[in-house]
Amino acid sequence: MTMMTIAQGNVADEAGRRKVYEEVGAEEKESYRALIEDQKTQQKKEEMIPADKKPEKPQNLKEIFNQDNWVNRFAIGYTTAFDTKAPSELKFDTTGKLKVDENDNPLVKSTERLSITGFDFEYKLLSAKYIELTPYYDINKIRQIENAKGTHYGAILRLGGKDIYVQIKPEYRNMTATYIPMYFDSFYELERFQSNLQSHIPQTKLEAAKLADPDGPKVKGHFTTVLFNFYRFAIESNYENYAGPNNSRVFLGIYIPIGSMFLINGYYMKKAFDQNKEAFKLDDRSQGALELAINLGLITIRLQNIRKWVYDTASSQYEAQDEQKILFSGGLSF
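And the structure:
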């Protein structure tokens, strides 16, 4: 995946100029005059107070919305993602049965380069010490699929400081019938060969997308992300739902450091379900990984539980299997 982004800057306000007190004497600190009340005599007297001890004053409405030039609050980004060998057709024998290798992986007859490009526009509408609001607009296109276009309208709301904050990102999506949002997700290594896990007919994701009606009705829905960070502890969740059956997806990720010795991290994801009560019901549409890392100084031990899919030649379907691993890693630096 490659990405090129024209990010937000501040070139109009900062041009490498030094402050006046720095020009006069770099060793002197900036200060200001203030009336200080003596705690004993209750009398006020004028003193010079260092700038770094100057009390912060609350931001007024004008400062919150207009502290930067509008040019510096506006950003344009360009993103591209691709699979240089996306399977477009699988190999079958004379009886119509899928051919596999010695590890039961499907054999591919032909591949294509699949690329997704997108432009995004954002404007930091509100920016204060403990709150930021940035509306944005995305335009995306899957180039190898006819009329595969999607537009996203959303906003990023961040509440809190540097170490403790919550970030909420609601998004509305309007897509053509052949457009697939989040094409390269955690299921992609499987969906490259089998687009529908409930189907007995082997069909790649690219092949299924090309067979969809490019002039079909548009698909509309929403995608929401919530991220909570408490120092080094973080939880991320997102949920998307579109019109039509089996068009929901949920994701939950955790990152929990326990001191300097233990770290727990993992994720859970499920897609292609319809009712909310199915979201955390484990089945072949669920995927996840959980890892416990133990830092013993020179050696780190990782205990992992990972779900993967294996093609079963008897049933001509993929079956989910949970795999446990113990990994050791380490290093010594001087």
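At position 111 of the sequence shown (counting the first as 1) the number is 111 in full-length UniProt numbering, and the numbers step up by one without a gap. Glycine included, every Cβ here is placed at the ideal spot set by N, Cα and C. Keep in mind that this is a model prediction, so the values were computed, not measured.
In terms of CA proximity to residue 312, 321 leads the group 321, 130, 148. C-alpha of residue 192 to C-alpha of residue 177: approximately 19 angstroms in a straight line.
Note on the stretch 73–145: whole beta strand (DSSP E) runs with a minimum of 3 residues are 74–90, 108–123, 131–142, in chain order. Here DSSP, grouped into helix, strand and coil, assigns residue 296 to coil.
According to DSSP, residue pairing for residue 182 in a beta bridge does not occur. In the structure shown, residue 148 adopts coil according to DSSP, grouped into three states. Counting C-beta pairs with one atom in each stretch, the stretch 156–167 and the stretch 179–190 have fewer than three that are closer than 8 angstroms, which means they do not touch. For residue 211, the closest C-alpha among the options 236, 165, 144 is that of 144. Using a 10 angstroms sphere on the CB of residue 327, the tally of other CB atoms stays under 16, which defines it as exposed.
Just measuring C-alpha positions, the residue of 219, 163, 234, 229 sitting nearest residue 243 is 219. Non-local C-beta neighbours of residue 163 in its own chain, meaning closer than 6 angstroms and more than five positions away in sequence, comprise 231, ordered along the chain. Contact annotation: residue 171 and residue 223 have beta-carbon atoms nearer than 8 angstroms.
Within the same chain, and ignoring the five residues on either side of residue 117 in sequence, the residues whose Cβ sits closer than 6 angstroms to its Cβ are 80, 141.
Cβ contact annotation for residue 238 (same chain, cutoff 6 angstroms, sequence separation greater than five): 225, 251, in chain order. Rounded to whole angstroms, residue 267 and residue 91 show a C-alpha spacing of 33 angstroms. For residue 165, the enclosing beta strand (DSSP E) starts and ends at 164–175.
Per the DSSP secondary-structure output, residue 71 pairs with nothing in a beta bridge. The beta carbons of residue 204 and residue 115 sit about 16 angstroms from each other, so the pair does not count as a contact at 8 angstroms. The three-state reading of DSSP puts residue 268 in strand, counting E and B together.
Checking the DSSP bridge columns, you'll see residue 238 partnered with 225, 251.
When beta bridges are read from the DSSP output, residue 262 appears opposite 258, 294. Boundaries of the alpha helix (DSSP H) harbouring residue 188: 188–191, taken from the DSSP string.
Here DSSP, grouped into helix, strand and coil, assigns residue 320 to strand.
In terms of CA proximity to residue 122, 73 leads the group 234, 169, 73.
Look at residue 277 here: in three-state DSSP terms it is helix.
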